[in-house]
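J.:
2 protein chains.
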Amino acid sequence: MAYPGYGAGPGGVPGQDPLYGYFSAVAGQDGQISADELQRCLTQSGISGSYQPFSLDTCRLMINMLDRDMSGSMGFAEFRDLWQALNGWKNTFASYDRDHSGTVEGHEMQQAITSMGYRLSPQAMNCIMKRYSTNSRITFDDFMSCCIRLRALTDHFRRRDTTQNGSATFQYDDFIQVTMSV
Amino acid sequence: MAYPGYGAGPGGVPGQDPLYGYFSAVAGQDGQISADELQRCLTQSGISGSYQPFSLDTCRLMINMLDRDMSGSMGFAEFRDLWQALNGWKNTFASYDRDHSGTVEGHEMQQAITSMGYRLSPQAMNCIMKRYSTNSRITFDDFMSCCIRLRALTDHFRRRDTTQNGSATFQYDDFIQVTMSV
Chain B
1 MAYPGYGAGP GGVPGQDPLY GYFSAVAGQD GQISADELQR CLTQSGISGS YQPFSLDTCR
61 LMINMLDRDM SGSMGFAEFR DLWQALNGWK NTFASYDRDH SGTVEGHEMQ QAITSMGYRL
121 SPQAMNCIMK RYSTNSRITF DDFMSCCIRL RALTDHFRRR DTTQNGSATF QYDDFIQVTM
181 SV
Chain R
1001 MAYPGYGAGP GGVPGQDPLY GYFSAVAGQD GQISADELQR CLTQSGISGS YQPFSLDTCR
1061 LMINMLDRDM SGSMGFAEFR DLWQALNGWK NTFASYDRDH SGTVEGHEMQ QAITSMGYRL
1121 SPQAMNCIMK RYSTNSRITF DDFMSCCIRL RALTDHFRRR DTTQNGSATF QYDDFIQVTM
1181 SV
């Protein structure tokens, strides 16, 4: 009889987790990585595959998406959450980038966003396309940046939508904290 | 007796406005410029001075900040508004970058934001620093990107804060339109 989860319980065992190798190679003694260390770590891990490595700006968004203590850096547990999210989004991107050009079209990005469960108006989709497309196409890095921000902003909104009716009230300072962090 | 405003009324006379030269050189027949054309235009104008030219991402933010019709491009009137804003922010940046390193420190950026009239909590300032600094310093391009987003988000918030009491209610779709466009 197997012991489900034995040796890989919640939180994991760093020494047995292959991801820990990528993480610890850049984390240093404090066990935390900053945006430029994350960029190096992700580049070395090869997660981008044949796509361009992540920009520093996108790496800062990654840290902020998961930075619950606003430390500006990321521990291993957050890194593992990030890894899972990035792989999901990468696979989605790759499924639309059938010709491996490294870009997808605007309508494909809209389909991808819908497939992730977001229900947005054509106006909102249009805002996103205008923000992330260059000559009507979206690069891998911009696609990931969009996914990170959409998830983080939706999470923040949901926490403030206390009655879950799709409406939330913000104080100005809180609004700036939420929107300027990603 | 002079005729105030004669020959340079509201809207200006393109043929007499030196800015129009920069604009028309890239605008083409439709009289509108896209983000990559804006990047070329600003680089050619030399507005960045000795600082690095604006990134494409920052140019997309510039267009979206002023893009009232959500066309994704910019006419000459909007370009002139942008030019004025960029020069103001550049002068602010330069006044803090006393050693001409092309970067300012986090606390200097906080002073700059306060000098622009924003009244933000230490928490909000911290969010902004975490988002825009690299090794505790902020580059010219990131500083401009921050100023553009802070202005656009504050404008959007103010329009929804109908009683001007510092609180605004958003529907989810509207929240995404506002926050994902910049």
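Those protein sequences? They're chains B and R, same order as listed.
Residue numbers for the first sequence, in our numbering: 1 to 182.
Residue numbers for the second sequence, in our numbering: 1001 to 1182.
Built from N, CA and C at the ideal position, the CB exists for glycine as well.
Would you say S136 (chain B) touches the ligand ADP, meaning its beta carbon is less than 7 Å from a heavy atom?
T.: Although the ligand ADP was asked about, the structure shown includes no ligands whatsoever.
J.: Report, in whole angstroms, the separation of the C-beta atoms of L38 (chain B) and C59 (chain B), which I expect to be a contact under 8 Å.
T.: That belief holds up - the Cβ atoms of L38 (chain B) and C59 (chain B) are roughly 5 Å apart, short of 8 Å.
J.: Name the chain R residues whose beta carbon is nearer than 7 Å to that of F93 (chain B)?
T.: Residues of chain R passing the Cβ test: none, with the nearest at roughly 18 Å.
J.: Helix, strand or coil for R98 (chain B) per DSSP?
T.: Coil, per DSSP.
J.: Got a sec: is the Cβ-Cβ distance from R1131 (chain R) to anything in chain B below 8 Å?
T.: Judged by the 8 Å Cβ criterion, R1131 (chain R) is in contact with chain B.
J.: DSSP puts R40 (chain B) in a beta bridge; with which residues?
T.: Paired residues: none, contrary to the question.
J.: Quick one: is N64 (chain B) buried, meaning 16 or more other Cβ sit within 10 Å of its Cβ, or exposed?
T.: Per the 10 Å Cβ criterion, buried.
J.: I'd like the span of the beta strand (DSSP E) that includes V104 (chain B), first residue to last.
T.: Where V104 (chain B) is concerned, the enclosing beta strand (DSSP E) stretches over 103–105.
J.: Any idea which residues DSSP pairs F1170 (chain R) with across the strands?
T.: DSSP output for F1170 (chain R) lists B:A168 as bridge partner(s).
J.: Give the DSSP bridge partners of I1047 (chain R), in chain order.
T.: Answer is none; I1047 (chain R) lacks a bridge partner.
J.: Mind reading off the beta-carbon distance from F76 (chain B) to G31 (chain B)? Whole number of angstroms is fine, and I expect it under 8 Å.
T.: Sure, about 7 Å apart at Cβ, within 8 Å.
J.: From the beta carbon of N126 (chain B), is the nearest beta carbon of chain R less than 8 Å away?
T.: Output row for N126 (chain B): interface = yes.
J.: If you draw a straight line from the C-alpha of I1109 (chain R) to the C-alpha of Q1123 (chain R), how long is it?
T.: Checking the displayed sequence, the identity of residue 1109 (chain R) turns out to be Met instead of Ile. Between M1109 (chain R) and Q1123 (chain R), the C-alpha separation is close to 14 Å.
J.: Within the 8 Å Cβ cut-off, does R159 (chain B) reach chain R?
T.: Not one chain R Cβ lies under 8 Å of R159 (chain B).
J.: The region 167–179 of chain B: which residues have C-beta closer than 9 Å to a C-beta of chain R, in chain order?
T.: Listed in sequence order: S167, A168, T169, F170, Q171, Y172, D173, D174, F175, I176, Q177, V178, T179.
J.: Rounded to the nearest angstrom, what separates G1102 (chain R) and L42 (chain B) at their Cα positions?
T.: Each residue's alpha carbon lies about 28 Å from the other.
J.: Would you say S121 (chain B) and D1057 (chain R) are within 8 Å of each other, going by their C-beta atoms?
T.: Result no, Cβ atoms of S121 (chain B) and D1057 (chain R) do not sit closer than 8 Å.
J.: With S1034 (chain R) and D1141 (chain R) assumed to form a contact (beta carbons below 8 Å), what rounded beta-carbon distance in angstroms separates them?
T.: About 19 Å separates the two Cβ atoms, so there is no contact after all.
J.: Could you tell me whether the region 160–176 of chain B touches the region 138–152 of chain B, where touching means 3 or more Cβ pairs closer than 8 Å?
T.: Verdict: no, contact absent.
J.: Is DSSP giving M1074 (chain R) helix, strand or coil here?
T.: The answer is strand: DSSP assigns M1074 (chain R) an E or B state.
J.: If you scan the region 1090–1160 of chain R from start to end, which runs of the alpha helix (DSSP H) of 4 or more residues do you find wholly inside it?
T.: Segments of the alpha helix (DSSP H) lying fully in the region 1090–1160 of chain R: 1106–1115, 1122–1132, 1140–1160.
J.: Inspect the beta-carbon positions of V1182 (chain R) and L1061 (chain R) and report whether they are closer than 8 Å.
T.: In contact: V1182 (chain R) and L1061 (chain R) (Cβ atoms closer than 8 Å).
J.: Between the beta-carbon of F72 (chain B) and the beta-carbon of K1130 (chain R), is there less than 8 Å?
T.: Before going further, note that residue 72 (chain B) is Gly rather than Phe in the sequence given. Cβ atoms of G72 (chain B) and K1130 (chain R): closer than 8 Å.
J.: Output yes if chain C places a C-beta closer than 8 Å to the C-beta of G1102 (chain R); else output no.
T.: The structure shown has no chain C; the protein chains it does contain are B and R.
J.: Within its chain, find whatever has a CB closer than 6 Å to the CB of T92 (chain B); leave out the 5 residues flanking it on each side and keep chain order.
T.: Excluding positions up to five away in sequence, the list reads A112.
J.: With a CB to CB cut of under 8 Å and the five nearest residues on each side skipped, what residues in its chain are close to T1134 (chain R)?
T.: Only D1142 meet the Cβ criterion.
J.: How would you list, in chain order, the residues of chain R whose beta-carbon sits under 8 Å from the beta-carbon of M109 (chain B)?
T.: Chain R residues near M109 (chain B): none, gap ~12 Å exceeds 8 Å.
J.: Using CA atoms only, rank isn't needed, just tell me which of B:Q171, B:S45, B:Y118 is closest to R1158 (chain R).
T.: Nearest option by C-alpha distance: B:Q171.
J.: Would you verify that the beta carbon of S121 (chain B) is, or is not, closer than 8 Å to some beta carbon of chain R?
T.: Output row for S121 (chain B): interface = yes.
J.: Give the single residue among R:P1053, R:Y1020, R:F1023, R:A1025 whose Cα lies nearest to the Cα of S1145 (chain R).
T.: Checking every option, the nearest Cα to that of S1145 (chain R) belongs to R:P1053.
J.: Does any CB atom of chain B fall closer than 8 Å to the CB of S1181 (chain R)?
T.: With 8 Å as the cut-off, S1181 (chain R) counts as an interface residue toward chain B.
J.: Report the neighbours of L1066 (chain R) on chain B: residues whose CB is nearer than 8 Å to its CB, in chain order.
T.: Neighbours of L1066 (chain R) on chain B: none; closest Cβ ~12 Å, over 8 Å.
J.: With 16 as the cutoff for other CB atoms within 10 Å, does T1139 (chain R) come out buried or exposed?
T.: Buried.
J.: If we ignore side chains and look at the alpha-carbon of each, how far apart do L66 (chain B) and R1119 (chain R) end up?
T.: C-alpha separation (whole angstroms): 26 Å.
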